[in-house]
Amino acid sequence: MKDASPVPAIAMRGLTKRFPARQRDPRAGHAAAAAEVVAVDHLTLDVASGERLGLLGPNGAGKTTTLLMLSTLLAPSDGTALVEGFDVRRDPQAVRRRIGALLAGDRAVYRRLTGRENLLYFADLYGLPRAEAAARAAALLDLVGLGERADDLVSRYSSGMRLRLALARTVLHNPSVLLLDEPTLGLDPDISVRMRAQIAGLRRERGTTILLTTHYMREAEELCDEIAFIKNGEIPARGTADALKRQIRIGDVIALRLDPASGDGLAELPGVLRCVFQDGRVECTVDSAEKRLAQILSWLHEQGVVVRDVDVHEPDLEEVFVELAK
Ligand SMILES: Nc1ncnc2c1ncn2[C@@H]1O[C@H](COP(=O)(O)OP(=O)(O)O)[C@@H](O)[C@H]1O
Ligand SMILES: [Mg+2]
Numbered sequence: 001m002k003d004a005s006p007v008p009a010i011a012m013r014g015l016t017k018r019f020p021a022r023q024r025d026p027r028a029g030h031a032a033a034a035a036e037v038v039a040v041d042h043l044t045l046d047v048a049s050g051e052r053l054g055l056l057g058p059n060g061a062g063k064t065t066t067l068l069m070l071s072t073l074l075a076p077s078d079g080t081a082l083v084e085g086f087d088v089r090r091d092p093q094a095v096r097r098r099i100g101a102l103l104a105g106d107r108a109v110y111r112r113l114t115g116r117e118n119l120l121y122f123a124d125l126y127g128l129p130r131a132e133a134a135a136r137a138a139a140l141l142d143l144v145g146l147g148e149r150a151d152d153l154v155s156r157y158s159s160g161m162r163l164r165l166a167l168a169r170t171v172l173h174n175p176s177v178l179l180l181d182e183p184t185l186g187l188d189p190d191i192s193v194r195m196r197a198q199i200a201g202l203r204r205e206r207g208t209t210i211l212l213t214t215h216y217m218r219e220a221e222e223l224c225d226e227i228a229f230i231k232n233g234e235i236p237a238r239g240t241a242d243a244l245k246r247q248i249r250i251g252d253v254i255a256l257r258l259d260p261a262s263g264d265g266l267a268e269l270p271g272v273l274r275c276v277f278q279d280g281r282v283e284c285t286v287d288s289a290e291k292r293l294a295q296i297l298s299w300l301h302e303q304g305v306v307v308r309d310v311d312v313h314e315p316d317l318e319e320v321f322v323e324l325a326k
């Protein structure tokens, strides 16, 4: 029989983090005290078991603070957070056993050890038996594409390689919940693609629950089942990328390649919300492509402008979030 109310992998209820106003230094009487910061403001959010949820938001939105509380490294000021039913405050040990957290980017590994030595060291900390640890380290090094460099010092790795080693470290103890803070921040695009493939593979192979933060819309759209948009420590919208696009209805985009390459006057046509010129194309956001396409094409024809190419699509997630962030 199907369980009617399975325990969510992550359950946050009114989770709040306030950083107190900074103390005034008595010796520097003139220094203005910084005001209290509410980094996370009564966040209520569930992540189902096996789900991949992207926490997407601008810098300072409260993403890292949320993950720090979930990983028991920072105490909540208010509210609760449970990981597979265990309270981060009352049962931190149980929570730590279940999570793998990538929070410090490529700084989570030691440079004076080799890749393999890093994993063996952390395996020891997790209490993995020696023989198992060696096999597991080798398998993970292969998984993250470091098999051939396993015995090189980490100081000789690129930052992308260090980050992939950190990811391997994060999953050494087979966590059922992964918390990934900006897992591809600062990586070259080709390395980002590999990193994402590895994260996607983890979920496919083991059904790992993943909560990842990012400010890259594409990453969230590619890696996550659902996206929660976070702003000022609150969640104004959550859903699949498609649902969010429907919810925040901002019209359709008609992209045109014109000869001559000018779209003067297009923005003044009825139903055209805005026009952006980019890479020799004009992207017109319209209230409805169905209503406006024929009208735009005939107007261009009248102007003697040749349409070399036309493409109609929904706005991408980025445009949706520009709307949400307003
Ligand atoms: N230790 C701290 N002391 C004071 N303010 C902090 C601290 N850590 C974060 N903040 C503030 O909390 C807010 C949220 O920060 P953060 O969680 O790092 O956001 P994000 O990861 O989304 O960029 C920001 O305004 C940030 O300046
Ligand atoms: Mg952050």
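Counting in the working numbering, the sequence shown runs without a single skipped number right up to 326 at its last residue.
Ideal Cβ positions, reconstructed from N, Cα and C, are used throughout, including at glycine.
Ligand 2 heavy atom lying under 7 Å from the CB of residue 80: no
Residue 92 - DSSP class collapsed to helix/strand/coil: helix
Distance cut 5 Å, beta-carbon to ligand 1 heavy atom: residue list by chain order: 19, 37, 39, 59, 60, 61, 62, 63, 64, 65
Per-residue burial, residue 109 [other beta carbons within 10 Å of its own, 16 or more giving buried]: buried
Residue environment, residue 2, which counts as buried when at least 16 other CB atoms sit within 10 Å: Below a pLDDT of 50, predicted positions are generally treated as unreliable, and residue 2, at 49, falls in that range; no measurement from the model is reported.
Strand pairing of residue 303, partner residues [DSSP]: The partner list for residue 303 (beta bridge, DSSP) is empty, contrary to what the question assumes.
Buried versus exposed, by CB contacts within 10 Å (16 or more), residue 63: buried
CA-to-CA distance, residue 68 to residue 74, given in whole angstroms: 5 Å
Residue from 156, 80, 119 whose Cα sits closest to the Cα of residue 144: 119
Length of the line joining the Cα atoms of residue 8 and residue 234: 20 Å
Rounded C-alpha distance that separates residue 97 from residue 88: 12 Å
Close Cβ partners of residue 286 (< 7 Å) along its chain, the five nearest in sequence each way excluded: 251, 252, 254, 271, 272, 273, 292
Any 3 or more C-beta pairs closer than 8 Å across the segment 206–220 and the segment 172–189: yes
Euclidean distance between Cα positions of residue 59 and residue 261: 36 Å
As assigned by DSSP and simplified to three states, the class of residue 1: Caution applies to residue 1, whose pLDDT of 49 falls short of 50 and renders its modelled position unreliable; the value that the coordinates give is listed next. Residue state, collapsed to three classes: coil.
Contact check, residue 263 vs residue 277, beta carbons under 8 Å: yes
Own chain, CB closer than 6 Å to residue 267, minus 5 neighbours either side, in chain order: 275
Run of the beta strand (DSSP E) containing residue 236, from where it starts to where it stops: 234–239
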